[in-house]
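Colleague:
Residue numbers (the numbering used here), protein chains in the order written: chain A, 1 to 615; chain B, 1 to 615.
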């Protein structure tokens with residue numbers, strides 16, 4: 001392609017709206033433009049790279065036998081009501097009502113659509129497993145779309161869904177995806193951090209996220225430098241640590257009874273450390289949380305008669321709203337994602353001050369674990385753990401806690417003696433410096449963005465949406481399900497995040513919009529003729545080539561080609577002829593080669609680079 | 001691909017919901033399924049054909065130098081407000097409001113998006129022409145979606161937009177599209193009827209529709225068997241004909257004055273023919289129409305002071321509502337599309353009875369052309385035509401018309417003498433039997449569906465959306481624009497409409513999901529081995545092959561392969577070995593060929609067929 005025949009509007013200035021490298025470079029190198037908030041148009045140069053990312057994903061999906069479908073982007077609200085997500089998906093889902101009052105959804109994901117489609121076709125176990133995918137438009141209504149396509153509203157996702165007769169079949173397909181994803185990211189030139197959901201245990205994992213490091217990452221990753229443990233902070237566990245007293249010695253159980261201490265205004269942990277002259281590790285802080293849609297059985301939990309339990313179409317009894325007290329060692333923070341998972345809740349949030357007082361008797365800062373009767377008490381494993389026989393191991397002794405009334409704290413509190421939990425659970429936020437549960441090494445942490453996610457869904461959708469098949473014995477069964485996503489736009493942006501320098505993009509060969517650029521110093525005379533010959537030779541060899549036929553100054557052309565990031569550059573200058581300059585974007589080395597050999601040499605580099613990525 | 005490894009759920013029965021062949025066959029051959037009203041999911045077999053249609057369109061767009069973009073599917077309402085179509089597009093546009101109260105549109109088309117994108121990039125005449133396209137999801141809210149993807153709600157469209165400095169440049173690009181479209185439809189195996197907008201005049205046409213014949217067509221085409229004139233009934237013109245009297249002789253002007261005749265209950269033309277013993281050709285019927293957004297200059301038109309003229313953001317003065325009397329020869333019908341075009345209105349409809357009386361003084365059936373003071377009178381050219389010098393040629397003489405009050409008609413009415421029009425115009429509905437304006441031959445008519453449309457838009461969007469560039473002299477100019485669409489789903493359905501028989505689809509080679517099918521009579525023993533060898537050989541030759549490895553009865557397999565419509569079929573049966581049967585779906589002929597030569601022979605047929613379509 002000659003530059004004059006396409007449209008690559010490069011920008012000298014960094015657009016003010018763009019703060020991360022990929023967003024800046026996608027605008028500056030003419031890959032995309034903004035049409036609205038979180039809504040982008042790909043220009044021809046960007047679309048070429050986008051399609052290559054799509055095609056690599058498609059090839060690897062086809063390679064593992066996944067079948068490509070194409071669902072509508074706009075889908076009936078009915079199927080979302082069947083699954084129950086019409087209500088629970090929240091404001092991120094863009095709904096519309098059409099002229100005949102049908103409720104519609106601009107798909108944020110397609111579990112419902114694929115489950116509905118397979119439901120209608122499935123009759124026998126012989127048809128399973130079915131592995132279906134599409135690469136299609138999605139819309140999620142980000143409140144604050146930012147960072148270009150890294151966090152946009154409309155985006156393209158490869159989403160796959162599998163249906164199985166057995167857990168083993170699901171496991172097998174899941175592992176195929178796990179491998180295919182590694183291959184896809186390798187081919188895209190992306191360094192990903194695969195993060196398993198459950199403590200890094202291999203094989204049995206039900207979920208794996210593929211993350212890329214990013215300063216603006218949505219997620220915090222907890223990483224072990226020694227054994228490779230990697231977890232999202234929403235899931236990360238750590239080795240138990242020993243709570244120490246003010247002398248740095250392990251805490252010892254007290255025989256003293258609880259004493260009340262008046263301490264008006266001493267609300268925060270820092271204030272408490274100062275007031276009590278004790279380390280935060282010896283405090284137990286208690287927070288009141290409100291949980292939504294908890295599926296815990298609270299029949300015998302304190303205070304829970306007041307919470308309303310309902311059983312809707314989903315068939316699963318749950319509490320639309322319930323409250324919990326959560327006790328944790330004073331120096332630690334509660335991780336709400338881990339808490340929600342333990343409460344089997346769709347979401348948790350700190351209770352408002354009125355509810356704190358209503359359920360604990362005390363205002364925030366003075367809530368204690370002792371004598372709670374209106375809410376179930378969840379105790380983090382930093383405070384105590386429950387043995388299989390129902391007895392407890394206590395980790396925090398002789399503790400200071402809120403007194404359960406305003407301006408009063410308790411001292412000499414002994415977990416187990418002075419309070420027992422409704423449930424113990426690991427709900428602490430693991431941070432850098434905590435110890436790896438596998439090998440004991442000290443964690444470090446990174447910010448990351450999720451590029452892909454594979455997940456064993458189980459029966460969630462097939463049950464609520466009534467998908468069945470007949471097994472070998474003619475008995476009706478429900479299939480189990482997996483889902484597997486990759487964000488195409490975000491993968492593209494991440495490639496640029498990982499592959500650029502101050503001068504512009506440095507495309508991996510596999511996704512480069514063009515593989516070779518030819519830059520005649522001036523597009524005239526012999527230079528034009530020689531450039532044309534090399535161009536024709538490359539075109540004939542099937543190499544995607546961009547010829548800079550503009551009458552710009554050479555400096556402008558070089559700057560542009562660097563900005564565009566074409567992997568191989570051939571400069572045709574009068575003074576070097578019959579030789580030309582051959583240079584790779586990812587190296588400072590430049591060589592002079594005879595013009596007659598330039599095309600062959602460039603083609604060789606292209607093929608070698610592709611082989612390296614695809615190998 | 002082995003059938004067992006994909007998912008092609010064929011149906012024996014014709015689904016009740018499907019009334020046309022393409023819809024029936026797309027369901028029966030497992031190409032697609034319905035997800036909601038007018039919302040379809042393509043299954044793997046259908047998607048293969050769909051992608052081939054897309055790719056043929058893409059190749060031909062690239063061949064004429066059009067640049068591929070990708071706009072978001074969901075776009076900001078703002079750009080639709082800028083163009084003015086937020087209001088005028090009607091209920092077919094699916095609007096949504098997101099969580100932060102931004103108004104959004106699920107794109108029904110993309111003039112606004114492309115105009116906005118190009119506006120931001122355009123500065124100099126040197127950048128023009130720009131020819132941009134995308135192949136992307138669209139949504140139009142059909143009230144009654146039917147006939148599968150032939151008239152769905154969500155669909156995929158190739159939409160292209162071009163921007164130019166001059167009319168000549170637009171004409172040139174338009175002609176490239178006109179040729180590319182012919183090539184696309186040829187490659188798709190589709191017989192299209194190109195319909196030019198303005199009377200079939202070659203070259204100067206501003207619009208061309210590419211229609212396929214269809215019994216369920218949305219459009220009626222008027223066709224000349226002699227000179228090839230083809231027009232949509234919404235645009236079709238015809239040769240003037242001579243109005244005759246009751247003796248079949250040309251009507252003669254009368255010198256008699258108008259007489260009023262009481263004729264209560266004589267309202268329809270049929271009743272009038274009976275009552276007056278005269279042919280309908282000697283009546284002039286007058287209808288009162290309401291017009292929306294007429295851009296006519298009505299400053300000096302009768303009664304028009306009452307109509308409110310507004311100038312909104314579009315900058316074009318127009319009447320949101322206005323009324324017109326339309327006079328036409330009694331045996332003819334007014335074509336509302338032609339009338340709207342002549343009134344420069346977005347839409348027209350018959351006025352309600354109250355408005356008829358208000359503006360004409362008489363109820364429907366007795367409205368006359370004489371003495372109208374409250375509305376402008378539009379007279380069809382069947383009644384009279386205006387010469388360049390302002391004089392008239394009258395075609396209906398001594399006419400009977402409504403009397404302008406209830407239950408009274410006028411006789412001896414002479415157009416020109418008794419009334420003069422505000423405007424004469426061609427607004428009649430041309431029908432089969434009317435005469436071709438080019439050659440005088442008698443028209444016939446067909447129902448058709450529009451597959452594609454190319455259109456010289458002019459300045460409509462660039463003016464309202466303020467697109468400018470600097471010309472050679474540094475002067476700000478507005479570019480002119482063209483737009484060019486093809487419906488991908490509808491093209492696919494139309495291919496099946498044109499290529500099928502009672503047994504199933506007969507794919508043109510260019511879009512066949514698979515090019516060759518191998519059917520072992522039983523998938524076992526030598527048959528399995530030989531089928532496998534042929535399959536491997538075809539795969540190696542790059543031929544898309546489907547191997548029926550199911551353990552179904554041979555009859556079921558043959559029926560399925562016919563239904564699927566794979567162009568070449570190889571049957572491997574024990575009794576024929578070492579020969580196999582080779583048969584083309586589009587022919588009854590079957591030949592026995594040695595199994596060892598079957599792959600080569602099939603590949604030859606595939607290549608020959610492709611060459612024929614692409615040649």
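Quick reminder that beta carbons are idealized off the backbone N, C-alpha and C, glycines included. Remember, predicted model here, so these are calculated numbers, not experimental data.
List the residues of chain A that residue 69 of chain B touches, going by C-beta distances under 8 Å, in chain order.
Modeller: Counting from 1 along the second chain, the entry for residue 69 of chain B is found at position 69. What residue 69 of chain B touches in chain A: 41, 42, 43, 44, 47.
Colleague: Taking only three categories from DSSP, how would you classify residue 605 of chain B?
Modeller: As a position in the second chain, residue 605 of chain B is number 605, starting the count at 1. Residue state, collapsed to three classes: helix.
Colleague: Please report the straight-line C-alpha distance between residue 199 of chain B and residue 223 of chain B, rounded to a whole angstrom.
Modeller: What you label residue 199 of chain B is simply residue 199 of the second chain in a count that begins at 1. What you label residue 223 of chain B is simply residue 223 of the second chain in a count that begins at 1. Below a pLDDT of 50, predicted positions are generally treated as unreliable, and residue 199 of chain B, at 39, falls in that range; the measurement from the model is reported next regardless. Roughly 11 Å separates the two Cα atoms.
Colleague: May I have the straight-line CA-CA distance separating residue 412 of chain A from residue 283 of chain A, to the nearest angstrom?
Modeller: Here residue 412 of chain A refers to the residue found at position 412 when the first chain is read from its first residue. Here residue 283 of chain A refers to the residue found at position 283 when the first chain is read from its first residue. Between residue 412 of chain A and residue 283 of chain A, the C-alpha separation is close to 10 Å.
Colleague: Do residue 363 of chain A and residue 419 of chain A have their CB atoms nearer than 9 Å?
Modeller: What you label residue 363 of chain A is simply residue 363 of the first chain in a count that begins at 1. What you label residue 419 of chain A is simply residue 419 of the first chain in a count that begins at 1. For residue 363 of chain A and residue 419 of chain A, no; Cβs fall outside 9 Å.
Colleague: For residue 33 of chain A and chain B, any beta-carbon pair shorter than 9 Å?
Modeller: Counting from 1 along the first chain, the entry for residue 33 of chain A is found at position 33. It does: the Cβ of residue 33 of chain A has a partner Cβ on chain B nearer than 9 Å.
Colleague: Can we say the segment 595-613 of chain A touches the segment 46-53 of chain A, given the rule of at least three CB pairs closer than 8 Å?
Modeller: Judged by Cβ distances under 8 Å, the segment 595-613 of chain A makes no contact with the segment 46-53 of chain A, as fewer than three pairs qualify.
Colleague: Would you say residue 130 of chain A faces chain B, with C-beta separation under 9 Å as the test?
Modeller: Numbered from 1 along the first chain, position 130 holds the residue referred to as residue 130 of chain A. Closer than 9 Å: yes.
Colleague: So residue 385 of chain A is in the beta strand (DSSP E); what residue range does that whole segment cover?
Modeller: Working through the first chain from its first residue, we reach residue 385 of chain A at position 385. Unbroken beta strand (DSSP E) run through residue 385 of chain A: 384-386.
Colleague: Report the partner residues of residue 213 of chain B according to the DSSP bridge assignment.
Modeller: Here residue 213 of chain B refers to the residue found at position 213 when the second chain is read from its first residue. BP columns for residue 213 of chain B point to B:448.
Colleague: Could you tell me whether the Cβ atoms of residue 484 of chain B and residue 454 of chain B are closer together than 9 Å?
Modeller: Taking the first residue of the second chain as 1, we reach residue 484 of chain B at position 484. Taking the first residue of the second chain as 1, we reach residue 454 of chain B at position 454. Their beta carbons are under 9 Å apart, which means residue 484 of chain B touches residue 454 of chain B by this criterion.
Colleague: Looking at chain A, is there any beta carbon in it that lies within less than 9 Å of the beta carbon of residue 102 of chain B?
Modeller: The residue labelled residue 102 of chain B in the question sits at position 102 within the second chain. Closer than 9 Å: yes.
Colleague: Establish whether the CB of residue 116 of chain A and some CB of chain B are separated by less than 9 Å.
Modeller: Taking the first chain and counting its residues from 1, the one referred to as residue 116 of chain A is at position 116. Yes, residue 116 of chain A lies at the interface with chain B (some Cβ there is under 9 Å from its Cβ).
Colleague: Shorter than 9 Å from the beta carbon of residue 37 of chain A to some beta carbon of chain B?
Modeller: Along the first chain, read from residue 1 onward, the residue named residue 37 of chain A stands at position 37. Yes, contact with chain B.
Colleague: If residue 280 of chain A sits next to residue 206 of chain A, beta carbons under 8 Å apart, how far is it from one beta carbon to the other, in whole angstroms?
Modeller: By 1-based counting over the first chain, the position of residue 280 of chain A is 280. By 1-based counting over the first chain, the position of residue 206 of chain A is 206. With a Cβ gap of about 34 Å, residue 280 of chain A and residue 206 of chain A do not count as contacting.
Colleague: Any C-beta of chain A within less than 7 Å: which residues of the segment 160-190 of chain B qualify?
Modeller: Answer in chain order: no residues at all.
Colleague: Let me confirm a value: residue 124 of chain A is counted as buried when at least 16 other C-beta atoms fall within 10 Å, else exposed. Which label applies?
Modeller: Translated into the one-based positions of the first chain, residue 124 of chain A becomes position 124. It is exposed - the Cβ of residue 124 of chain A has fewer than 16 other Cβ atoms within 10 Å.
Colleague: Just the chain A side, please: which residues come within less than 7 Å of residue 137 of chain B by C-beta, in chain order?
Modeller: Residue 137 of chain B sits at position 137 when you count from the first residue of the second chain. By Cβ distance, chain A contributes 73, 137.
Colleague: Counting along the chain, where does the beta strand (DSSP E) carrying residue 577 of chain A start and finish?
Modeller: Counted from its first residue, the first chain places residue 577 of chain A at position 577. Unbroken run through residue 577 of chain A: none, as it is neither H nor E.
Colleague: Give the secondary structure of residue 422 of chain B by DSSP, where H, G and I count as helix, E and B as strand, and everything else as coil.
Modeller: The residue given as residue 422 of chain B occupies position 422 in the second chain. Coil at residue 422 of chain B, not helix or strand.
Colleague: Could you tell me whether the Cβ of residue 157 of chain B comes closer than 9 Å to any Cβ of chain A?
Modeller: For this step, residue 157 of chain B is matched to residue 157 along the second chain. Residue 157 of chain B does not count as touching chain A.
Colleague: For residue 555 of chain A, which residues in the same chain have their Cβ closer than 8 Å to its Cβ, ignoring the five residues on either side in sequence?
Modeller: Locating residue 555 of chain A in the first chain gives position 555, where the first residue counts as 1. So no residue of the chain qualifies.
Colleague: Any idea what DSSP makes of residue 616 of chain B, helix, strand or coil?
Modeller: Because residue 616 of chain B is not part of the residues shown, which for chain B are 1 to 615, the question remains open.
Colleague: I want to see whether chain A comes within less than 9 Å of residue 7 of chain B, judged by CB atoms only; does it?
Modeller: Position 7 of the second chain, counted from the first residue, corresponds to residue 7 of chain B. It does; some Cβ of chain A falls within 9 Å.
Colleague: According to the neighbour-count rule (16 or more other Cβ atoms, all chains shown, within 10 Å of its Cβ), is residue 204 of chain B buried or exposed?
Modeller: Within the second chain, numbered from 1, the residue matching residue 204 of chain B stands at position 204. Unreliable placement is indicated for residue 204 of chain B, whose pLDDT of 41 sits below 50; no coordinate value is reported for it.
Colleague: From this set, A:322, A:581, A:378, A:354, which residue's C-alpha is nearest residue 425 of chain A's C-alpha?
Modeller: If you number the first chain from 1, residue 425 of chain A lands on position 425. Considering only alpha carbons, the answer is A:378.
Colleague: I want to see whether chain B comes within less than 9 Å of residue 121 of chain A, judged by CB atoms only; does it?
Modeller: What you label residue 121 of chain A is simply residue 121 of the first chain in a count that begins at 1. It does; some Cβ of chain B falls within 9 Å.
Colleague: Look at the alpha carbon of residue 92 of chain B and the alpha carbon of residue 452 of chain B, and state the distance between them as a whole number of angstroms.
Modeller: Your numbering for residue 92 of chain B matches position 92 in the second chain. Your numbering for residue 452 of chain B matches position 452 in the second chain. If you take the alpha carbons of residue 92 of chain B and residue 452 of chain B, they lie about 19 Å apart.
Colleague: Taking the straight line between their C-alpha atoms, what separation do you get for residue 550 of chain B and residue 563 of chain A?
Modeller: If you number the second chain from 1, residue 550 of chain B lands on position 550. If you number the first chain from 1, residue 563 of chain A lands on position 563. Looking at the two C-alpha atoms, the distance is approximately 54 Å.
Colleague: Would you give the residue range spanned by the alpha helix (DSSP H) that residue 223 of chain A belongs to?
Modeller: Indexing the first chain from 1 puts residue 223 of chain A at position 223. First-last for residue 223 of chain A: 219-223, but that is the beta strand (DSSP E), not the alpha helix (DSSP H).
Colleague: Helix, strand or coil: which one does DSSP assign to residue 591 of chain B?
Modeller: Working through the second chain from its first residue, we reach residue 591 of chain B at position 591. Correct three-state label for residue 591 of chain B: strand.
Colleague: Thinking residue 127 of chain B and residue 69 of chain B are a contact (beta carbons under 8 Å), I'd like their distance in whole angstroms, please.
Modeller: To locate residue 127 of chain B, count along the second chain from 1; it is residue 127. To locate residue 69 of chain B, count along the second chain from 1; it is residue 69. With a Cβ gap of about 15 Å, residue 127 of chain B and residue 69 of chain B do not count as contacting.
Colleague: With a cut-off of 8 Å on the beta carbons, I'd call residue 527 of chain A and residue 574 of chain A a contact; round off their distance for me.
Modeller: Walking along the first chain from the start, residue 527 of chain A turns up at place 527. Walking along the first chain from the start, residue 574 of chain A turns up at place 574. At roughly 6 Å, the Cβ-Cβ gap stays under 8 Å, so residue 527 of chain A and residue 574 of chain A are in contact.
Colleague: I want to verify the contact list: residues of chain A whose CB lies under 7 Å from the CB of residue 98 of chain B, in sequence order.
Modeller: As a working note, residue 98 of chain B is residue 98 in the second chain. Near residue 98 of chain B (Cβ distances below 7 Å), the residues of chain A are 94, 141.
Colleague: Within 9 Å of any Cβ in chain A, is that where the Cβ of residue 515 of chain B sits?
Modeller: Against the second chain, residue 515 of chain B aligns to sequence position 515. Output row for residue 515 of chain B: interface = no.
Colleague: Pull up the CB-CB distance for residue 481 of chain A and residue 161 of chain A, whole angstroms please, since I reckon it's below 8 Å.
Modeller: Taking the first residue of the first chain as 1, we reach residue 481 of chain A at position 481. Taking the first residue of the first chain as 1, we reach residue 161 of chain A at position 161. Yes, residue 481 of chain A and residue 161 of chain A are in contact; Cβ-Cβ is about 7 Å, under 8 Å.
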